[in-house]
Amino acid sequence: LVYNAPIGYNEYYSEGRITNVNQTDIEMLGYTREEMIGEFIWKFNIEEEIAREQILAKLAGKLPPGRELERTYRRKDGTTLPVLIQDRLIRDEKGQIIGIRCIIQDITERKKAEAEREKLIQELQEALAKVKTLRGLIPICASCKKIRDDQGYWKQIESYVRDHSEAEFSHGICPECMKKLYPDFVDDEEGKQDEIRRP
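Read in the numbering used here, the sequence shown has 48 at position 41, and its numbers run on one by one without any break.
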C-alpha cells in the first residue's frame, strides 16, 4: 500500500542506509530507486550533519522517534524541498531496534503560505511604524495661528498637521465666520427661517 501512496515513504536500517523507498519519494527527490537504495538517508538532507546525529541517536535508542520533524531535502537537480517527516522504529522479534520507517509529506505550499503570512505581518508592522502622531509642545502664532516646524519654518496649520499625522482636511465655514464673511447670506437665511416659524 505504501509504495503507491501519495506521500513519500522510506526505510533505513542500523547504519542509516536506505533499504526501501516508494515511488512518491523517488519522484519528490528526482533520483532513481537505484540511486537511493543503499545511500545514507542523511545524504539527501540539507542539514546533513544534524540529520545524521539525530538518526543515529534514534537507531541507538537514545532519541525517541514519532515526533513530526520539518526538514529540507536536496533534490537531484539542486533545488530544495521542505518536508514534514514522521518516523517509527522497526524492531526485531526480541524488541531490539533494527531500523526506522518514515513517511514524508511535501509541505511546499504550506511554507509558501507561511512566508506570505510573515510578509503580510511585516508589512503591517512597517505600516504601523509609519503612522504619525502629534506629541509635545507645538509652537503656534497667537495672531495668524501658523505653526513653527522643527526646522524653524512657519507653516499653515493644515500643512503642519498633514505632515505630522495621517489626517486629511476637508474645508468648511463655521457659523461665526459665515456671519462675518457673508452677512447678507446669513441674514437672508435667518429671515427665511423666521418666515417658516411665523404662524
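Ideal Cβ positions, reconstructed from N, Cα and C, are used throughout, including at glycine.
Please read all numbers here as calculations on a predicted model, not as lab measurements.
1. How far does the alpha helix (DSSP H) with L36 in it extend, from its first residue to its last?
2. Between which two residues does the alpha helix (DSSP H) containing I57 stretch?
3. Rounded to a whole number of angstroms, what is the C-alpha to C-alpha distance between E130 and R117?
4. Who are the near neighbours of G73 in its chain, counting only those whose CB is closer than 8 Å to its CB and skipping five residues on each side?
5. If you draw a straight line from the alpha carbon of Y19 to that of I128, how long is it in whole angstroms?
6. For T115, which of helix, strand or coil comes out of DSSP?
7. Which residues share a DSSP beta bridge with R98?
8. At the level of alpha carbons, what is the spacing between R40 and F51?
9. D113: which of V28, P89, G45 sits nearest, CA to CA?
10. Quick one: what's got a C-beta closer than 6 Å to E202's C-beta in the same chain, skipping five residues either side?
11. If you draw a straight line from the C-alpha of P146 to the C-alpha of E123, how long is it?
12. May I ask you to report which of helix, strand or coil DSSP gives P71?
13. Determine the burial state of W49: buried for a count of at least 16 other Cβ atoms within 10 Å of its Cβ, exposed for fewer.
14. Looking only at its chain, what residues have a beta carbon closer than 7 Å to the beta carbon of Q200, apart from the 5 residues adjacent to it on each side?
15. With DSSP as the reference, label Y167 as helix, strand or coil.
16. Just to confirm, are N17 and Q30 a CB contact at a threshold of 8 Å?
17. Below 8 Å between beta carbons: does that hold for L1 and S21?
18. Under the assumption that I104 contacts R98 (Cβ atoms under 8 Å), give the Cβ distance between them as a whole number of angstroms.
In short, the structure shows the following:
1. Looking up residue 36 in the sequence shown gives position 29. Note, L36: alpha helix (DSSP H), 30-36.
2. For the purposes of this step, residue 57 is taken as residue 50 along the sequence shown, with counting starting at 1. From DSSP, the alpha helix (DSSP H) with I57 extends over 55-66.
3. Looking up residue 130 in the sequence shown gives position 123. Looking up residue 117 in the sequence shown gives position 110. Cα to Cα, E130 sits roughly 20 Å from R117.
4. Indexing the sequence shown from 1 puts residue 73 at position 66. So the list reads Q93, D94, R95, once near-sequence residues are dropped.
5. For this step, residue 19 is matched to residue 12 along the sequence shown. For this step, residue 128 is matched to residue 121 along the sequence shown. Rounded to whole angstroms, Y19 to I128 spans 41 Å at the Cα level.
6. By 1-based counting over the sequence shown, the position of residue 115 is 108. Helix, per DSSP.
7. Counting from 1 along the sequence shown, the entry for residue 98 is found at position 91. According to DSSP, which records beta bridges pairwise, R98 is partnered with I104.
8. Translated into the one-based positions of the sequence shown, residue 40 becomes position 33. Translated into the one-based positions of the sequence shown, residue 51 becomes position 44. Computed Cα separation, rounded: 13 Å.
9. As a position in the sequence shown, residue 113 is number 106, starting the count at 1. D113 has its Cα closest to that of P89, out of V28, P89, G45.
10. The residue given as residue 202 occupies position 195 in the sequence shown. Annotation note: pLDDT 46 at E202 (below 50); position unreliable, no value reported.
11. Translated into the one-based positions of the sequence shown, residue 146 becomes position 139. Translated into the one-based positions of the sequence shown, residue 123 becomes position 116. Taking the straight line from one Cα to the other gives about 44 Å.
12. In the sequence shown, counting from the first residue as 1, residue 71 sits at position 64. Looking at P71 - three-state DSSP - the assignment turns out to be coil, as it is neither helix nor strand.
13. Walking along the sequence shown from the start, residue 49 turns up at place 42. By the 10 Å Cβ count, W49 comes out buried.
14. Within the sequence shown, residue 200 is the residue found at index 193, counting from 1. Here Q200 scores only 49 on pLDDT, less than 50, and its place in the model should not be relied on; the value that follows carries that caveat. There are no such residues.
15. The residue you call residue 167 lines up with position 160 of the sequence shown. Helix at Y167.
16. For the purposes of this step, residue 17 is identified with residue 10 of the sequence shown, where counting begins at 1. For the purposes of this step, residue 30 is identified with residue 23 of the sequence shown, where counting begins at 1. No, these two residues do not count as a Cβ contact at 8 Å.
17. In the structure as shown, the chain starts at 8 and stops at 206, and residue 1 therefore has no counterpart that could be examined.
18. On the sequence shown, position 97 is the one that residue 104 refers to. On the sequence shown, position 91 is the one that residue 98 refers to. About 6 Å; that satisfies the 8 Å criterion.
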